[in-house]
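Under full-length UniProt numbering, the first residue of the sequence shown is numbered 1, with each subsequent residue one higher. Beta carbons: idealized from backbone N, C-alpha and C, even for Gly.
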Amino acid sequence: MAGRCGCMRISGVFSRYLLPQKIQQNIKYNEHPRWFHSPQNTGRRVLLQPTNLASVVAKRTMFIQTQETPNPNSLKFIPGVDVLGEGKTMDFPNGTTAFCSPLGKLLFRIEGVKSVFFGPDFITVTKVDEDVEWRLLKPEIFAIIMDFFASGLPIVNEEEAPSDTQITEDDDETVAMIKELLDTRIRPTVQEDGGDIVFMGFEDGIVKLKMQGSCTSCPSSVVTLKNGVQNMLQFYVPEVLGVEQIEDEIQIITKKEFEEFEKKILAEKTEKSS
């Protein structure tokens, strides 16, 4: 699964509906103690310490499911309740961008968390790299999500901006068709895999899109856009000549810093070996 991004499967929508991926792991929250069950079903359990909110939610039970995504560094957490609600998503590439979300800020306090993405009924957490182990991150993420939803605090503190795919009076027929396809055919499949695609514009036959969530750092995101999204848009909208991935300034800076860090590590390893 490591070589695929969610919307690569979009081409298959022409012939069939895609079934959700197998749920990998469940966690149950019951009164004061919380038990984390290992995915291998070995019977071993790790007790997580109760928080000061335990008395408030003593009679409530919350099940959080985790679901793998095509990006091995991203994992979907499904709390069984609405996160942002139907059709809404919010992407936090780093801790700085999570200023409007109390839950987002708490998740970024966990060492090893790179980005956070909120979907209609799920939360996608992306870790820094493969060296950070999910078995260490998941108990902390579970605890934060459980306690936050028990607190009754809002997910975000400000009004959400209008949807990027909302059809306006200024949109011509081509743009309206592109937005409708993104909303009805493409985004649901991508969101199923823990990500999203945001419409950024249409100019000279090129649809400009921004990848979010698990698709942001997916190794095959470029192939995804060309083989999945572009093919579908061109099939229904002949005016579409191609698609282009747009990266914001924060993503560009982050990618540059990561590449420089990789070069530094490689240089140190080379120096030690010589």
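Is it right to say residue i is buried, meaning 16 or more other beta carbons lie within 10 angstroms of its own, or is it exposed?
i, result
"Ile155", "buried"
"Ile265", "exposed"
"Phe199", "buried"
"Pro79", "buried"
"Asn30", "The pLDDT assigned to Asn30 is 38, lower than 50, so where the model puts this residue is not dependable; a value taken from the coordinates is nonetheless given after this. Classification for Asn30: exposed."
"Ile178", "buried"
"Gly213", "buried"
"Ser138", "Here the sequence assigns Lys to residue 138, which means Ser is not the residue at that position. Classification for Lys138: buried."
"Gln166", "exposed"
"Phe235", "exposed"
"Val240", "buried"
"Glu173", "exposed"
"Glu68", "buried"
"Leu153", "exposed"
"Val56", "At Val56 the pLDDT is 40, less than 50, meaning the model places this residue with poor confidence; the figure from the coordinates comes in the next sentence. Exposed, by the Cβ-count rule."
"Val81", "exposed"
"Leu225", "buried"
"Glu192", "buried"
"Arg34", "At Arg34, the pLDDT of 40 sits below 50, so the modelled position is not reliable; the number obtained from the coordinates is stated separately. The residue in question, Arg34, is buried, as its Cβ has 16 or more Cβ neighbours within 10 Å."
Anyone know if the C-beta pair for residue i and residue j falls short of 8 Å?
i, j, result
"Pro120", "Thr216", "no"
"Lys208", "Glu244", "yes"
"Phe142", "Ile64", "yes"
"Ser117", "Gly194", "Inspection of the sequence shows that residue 117 is occupied by Phe rather than by Ser. Against a cut-off of 8 Å, the Cβ pair of Gly194 and Phe117 comes out as a contact."
"residue 317", "Leu182", "It is not possible to answer for residue 317, since the shown part of the chain is limited to 1 through 274."
"Met232", "Arg187", "no"
"Glu130", "Asn73", "yes"
"Asp91", "Asp196", "yes"
"Phe148", "Met62", "no"
"Lys114", "Thr97", "no"
"Asn157", "Pro238", "no"
"Gly112", "Lys105", "no"
"Thr89", "Leu75", "no"
"Ile246", "Lys269", "no"
"Phe202", "Val175", "yes"
Tell me the residue span of the beta strand (DSSP E) that contains residue i.
i, result
"residue 278", "This structure leaves residue 278 out entirely; the chain is present only between 1 and 274."
"Phe118", "113-118"
"Phe235", "That residue, Phe235, is in no beta strand (DSSP E); its alpha helix (DSSP H) goes 231-236."
"Val125", "123-127"
"Asp91", "90-92"
"Gln245", "242-245"
Would you kindly report the start and end of the unbroken alpha helix (DSSP H) that includes residue i?
i, result
"Gly104", "102-108"
"Asp131", "Element bounds for Asp131: n/a, residue is neither H nor E."
Would you grab the beta carbon distance between residue i and residue j for me? Rounded to a whole angstrom, and I think it's under 8 Å.
i, j, result
"Ile123", "Phe77", "5 Å"
| Unbroken alpha helix (DSSP H) runs of length 4 or more, entirely within the segment 182-224: which are they? | 187-192, 221-224
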